[in-house]
Amino acid sequence: MKKIFLVLLGGILAGCTHFYAEDVYVEAPESGRMNFVAVQDLAQNGIYDANGFVKQSNRLVVGASYLQEGVARTLDLSANGGQVACSKSFVPGKPVRALSSFNSSDGHHVTALDFKKGELLVTPVIPLTKGNAETTVIRLPEDRQHLIAAKGDGYVVATGLYEEGRYLLYSLSDSVARYYLSYPECPDYPELQEKTKGMLYASGILRLRPDGRAFVCADMYSGVIDFCRLSDAGIERVKLVYLSYPEVEVTETPVTRVLYSRDNHFGFMDLAVTSDRIYALYSGRGYGRNGEGALGARQLLEYDWEGNLLKNHELEAPLSKIAYDPEEELLYGLVNNTDVSLVKLEL
Numbered sequence: 000m001k002k003i004f005l006v007l008l009g010g011i012l013a014g015c016t017h018f019y020a021e022d023v024y025v026e027a028p029e030s031g032r033m034n035f036v037a038v039q040d041l042a043q044n045g046i047y048d049a050n051g052f053v054k055q056s057n058r059l060v061v062g063a064s065y066l067q068e069g070v071a072r073t074l075d076l077s078a079n080g081g082q083v084a085c086s087k088s089f090v091p092g093k094p095v096r097a098l099s100s101f102n103s104s105d106g107h108h109v110t111a112l113d114f115k116k117g118e119l120l121v122t123p124v125i126p127l128t129k130g131n132a133e134t135t136v137i138r139l140p141e142d143r144q145h146l147i148a149a150k151g152d153g154y155v156v157a158t159g160l161y162e163e164g165r166y167l168l169y170s171l172s173d174s175v176a177r178y179y180l181s182y183p184e185c186p187d188y189p190e191l192q193e194k195t196k197g198m199l200y201a202s203g204i205l206r207l208r209p210d211g212r213a214f215v216c217a218d219m220y221s222g223v224i225d226f227c228r229l230s231d232a233g234i235e236r237v238k239l240v241y242l243s244y245p246e247v248e249v250t251e252t253p254v255t256r257v258l259y260s261r262d263n264h265f266g267f268m269d270l271a272v273t274s275d276r277i278y279a280l281y282s283g284r285g286y287g288r289n290g291e292g293a294l295g296a297r298q299l300l301e302y303d304w305e306g307n308l309l310k311n312h313e314l315e316a317p318l319s320k321i322a323y324d325p326e327e328e329l330l331y332g333l334v335n336n337t338d339v340s341l342v343k344l345e346l
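First residue of the sequence shown: 0, per numbering that gives the first Met the number 0; consecutive thereafter.
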């Protein structure tokens, strides 16, 4: 997966376009400015980047960056008179694992995918914050490149470089793997092979609804967001939304290469979900125009589970990640400027 991301980023950095398209602003039925309340400066505890975080009241678990090989950090926001107590944990043993897809579907367990080994790691939140959690390892089907995964009650939903379909539905009771739905299209290349489409939409975020009967998957390198439900028949698509298409150069011979233009608009940086809402952190900015600032999002799009856009919350500062605290029923975010700060969002 690291090689895949480097190829995609390499395409952006190697571009030579001198005129860049305007940033994408998403029109919604309602819009308004959203303010933050500062909670904690995480950089004071050696946290300078994250591929995700989980928050439950005073418990915080922060995952390592995509391009790092390491472990998560656990924090107690109430310790030492309000100072953060920090410890490394989550991934036992050696060699050190390469983690992605860091999230929590039920609020009680943290999951992360070892994309090199195809193993989903599941760890309880509360023992984890006390430094004594035991990690369960779920081995996904072999001979497949898995990139994103989330665990429900008795199953795992994943995406990867699959030729059989965009989504894998993997039963934990009988180890049966089934594949569903087509990949999103790219109008500039209508005849791409399925595996190439998998590479084109490899950089995603996937979140399950708390009841486990639906999920949302959004792309980081375009404005594509996919709303799906789970039924006895498998995975069904509710709605597929294109806010922008990827600006790319694709070749399939002699080897497959996907190179992104500097004019490409970054898409969704993160997702947070509740039983009735999806909060999508959206960039809409291009690297050529904004540099690394394009990786920060100033728009928080609020959807329902039918894929209807309800609001666009304009953020006072760019966020890199968001998470929903089910105990407090509040949204939190990470601000990446010179340091990394945890903030509470005022909806």
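Note that the Cβ used here is the ideal one computed from N, Cα and C, for glycine as well. These numbers come from a predicted model, not from an experiment.
Please look up how many angstroms separate the CB atoms of Leu-120 and Val-136, rounded, as I've assumed it's under 8 Å.
Contact between Leu-120 and Val-136 is confirmed by a C-beta separation of about 6 Å, below the 8 Å threshold.
Determine the DSSP secondary structure at Thr-195, reduced to helix, strand or coil.
It is helical.
Give the secondary structure of Ile-46 by DSSP, where H, G and I count as helix, E and B as strand, and everything else as coil.
The answer is coil: DSSP assigns Ile-46 none of H, G, I, E or B.
Taking only the alpha-carbon atoms, compute the straight-line gap between Lys-196 and Ala-217 and give it to the nearest angstrom.
Near 14 Å, if we compare the C-alpha coordinates of Ala-217 and Lys-196.
Check the DSSP bridge columns for Phe-52 and list the partner residues they point to.
Looking at the DSSP assignment, Phe-52 forms a beta bridge with Val-61.
Among residues of its own chain, excluding the 5 on either side of Asp-210, which ones have a beta-carbon nearer than 7 Å to its beta-carbon?
The answer, listed in chain order, is Ser-274.
For Val-175, tell me which candidate among Gln-55, Tyr-200, Arg-138 has the shortest Cα-Cα distance.
It is Arg-138 whose Cα lies nearest to the Cα of Val-175.
Leu-294 to Tyr-182 span [Cα, whole Å]:
Between Leu-294 and Tyr-182, the C-alpha separation is close to 24 Å.
Taking all protein chains shown into account, decide if Ser-103 is buried (16 or more other Cβ within 10 angstroms of its Cβ) or exposed.
Result: buried.
Taking only three categories from DSSP, how would you classify Ala-293?
Ala-293: helix per DSSP, three-state reduction.
Between Gly-306 and the rest of its own chain, which residues show a CB-CB distance below 7 Å, the 5 nearest in sequence each way excluded?
Excluding sequence neighbours, Gly-306 sits near Phe-226, Val-237, Lys-238, Val-240.
Taking the alpha carbon of Gly-332 as the reference point, which residue from Ala-279, Lys-115, Lys-116 has its own alpha carbon closest?
Measuring from the Cα of Gly-332, the nearest candidate turns out to be Ala-279.
To the nearest angstrom, how far is the alpha carbon of Leu-160 from that of Thr-122?
Leu-160 and Thr-122: Cα-Cα distance of roughly 26 Å.
On a Cα-Cα basis, can you pick out the residue from Ile-204, Ala-37, Glu-162, Arg-212 that is closest to Ala-316?
Of the residues Ile-204, Ala-37, Glu-162, Arg-212, the one whose Cα lies closest to the Cα of Ala-316 is Ala-37.
Report, in whole angstroms, the separation of the C-beta atoms of Ile-277 and Trp-304, which I expect to be a contact under 8 Å.
Distance from Ile-277 to Trp-304 at the Cβ level is roughly 7 Å; contact confirmed, criterion being Cβ atoms closer than 8 Å.
Taking just the CA atoms, how far does Glu-235 sit from Pro-186?
The alpha-carbon atoms of Pro-186 and Glu-235 are separated by roughly 23 Å.
Local conformation of Leu-309 per DSSP, three classes:
Residue state, collapsed to three classes: strand.
Would you kindly check if the distance between the Cβ of Asn-263 and the Cβ of Tyr-302 is under 8 Å?
Contact: no.
Measure the C-alpha to C-alpha separation of Ala-420 and Arg-256 and round it to an integer number of angstroms.
Residue 420 is absent from the model: the chain starts at 0 and stops at 346.
Leu-270, DSSP secondary structure in three states
Leu-270 falls in the strand class under three-state DSSP.
Could you tell me which residues DSSP puts in a beta bridge with Glu-301?
In the DSSP secondary-structure assignment, Glu-301 is bridged to Tyr-278, Lys-310.
Beta-carbon contacts of Lys-194 that lie in its chain and below 8 Å, excluding the five residues immediately before and after:
Cβ neighbours of Lys-194 within its own chain (closer than 8 Å, five residues either side excluded): Leu-160, Tyr-161, Glu-162, Thr-255.
By how many angstroms is the C-alpha of Ser-282 removed from the C-alpha of Gly-31?
Using only the alpha carbons, I get a separation of about 16 Å.
Minimum length 4: unbroken alpha helix (DSSP H) runs contained in the stretch 133-175:
You should have found no qualifying run.
Within 8 Å, strictly: CB atoms of Phe-124 and Gln-55
The amino acid at residue 124 is misidentified as Phe; the sequence shows Val. It is a contact, given that the beta carbons lie within the stated cut-off.
Classify Tyr-182 as helix, strand or coil using the three-state DSSP reduction.
In the structure shown, Tyr-182 adopts coil according to DSSP, grouped into three states.
Extract the residue ranges of the beta strand (DSSP E) inside the stretch 218-245, only unbroken runs of 3 or more that lie entirely within it.
You should have 223-230, 233-241.
Looking at Leu-344 and Leu-330, is the spacing between their C-beta atoms short of 8 Å?
At a Cβ-Cβ threshold of 8 Å, Leu-330 and Leu-344 count as neighbours.
What residue does the beta strand (DSSP E) around Val-38 start on, and which one ends it?
Bounds of the beta strand (DSSP E) holding Val-38 are 35-40.
I need the straight-line Cα distance from Ala-97 to Gln-298, nearest angstrom please.
Straight across, the Cα-Cα distance linking Ala-97 with Gln-298 is about 30 Å.
Do you know how far the Cα of Ala-232 is from the Cα of Tyr-169?
Approximately 14 Å between the Cα atoms of the pair.
Taking the alpha-carbon positions, what's the Ser-260 to Leu-229 distance?
About 35 Å.
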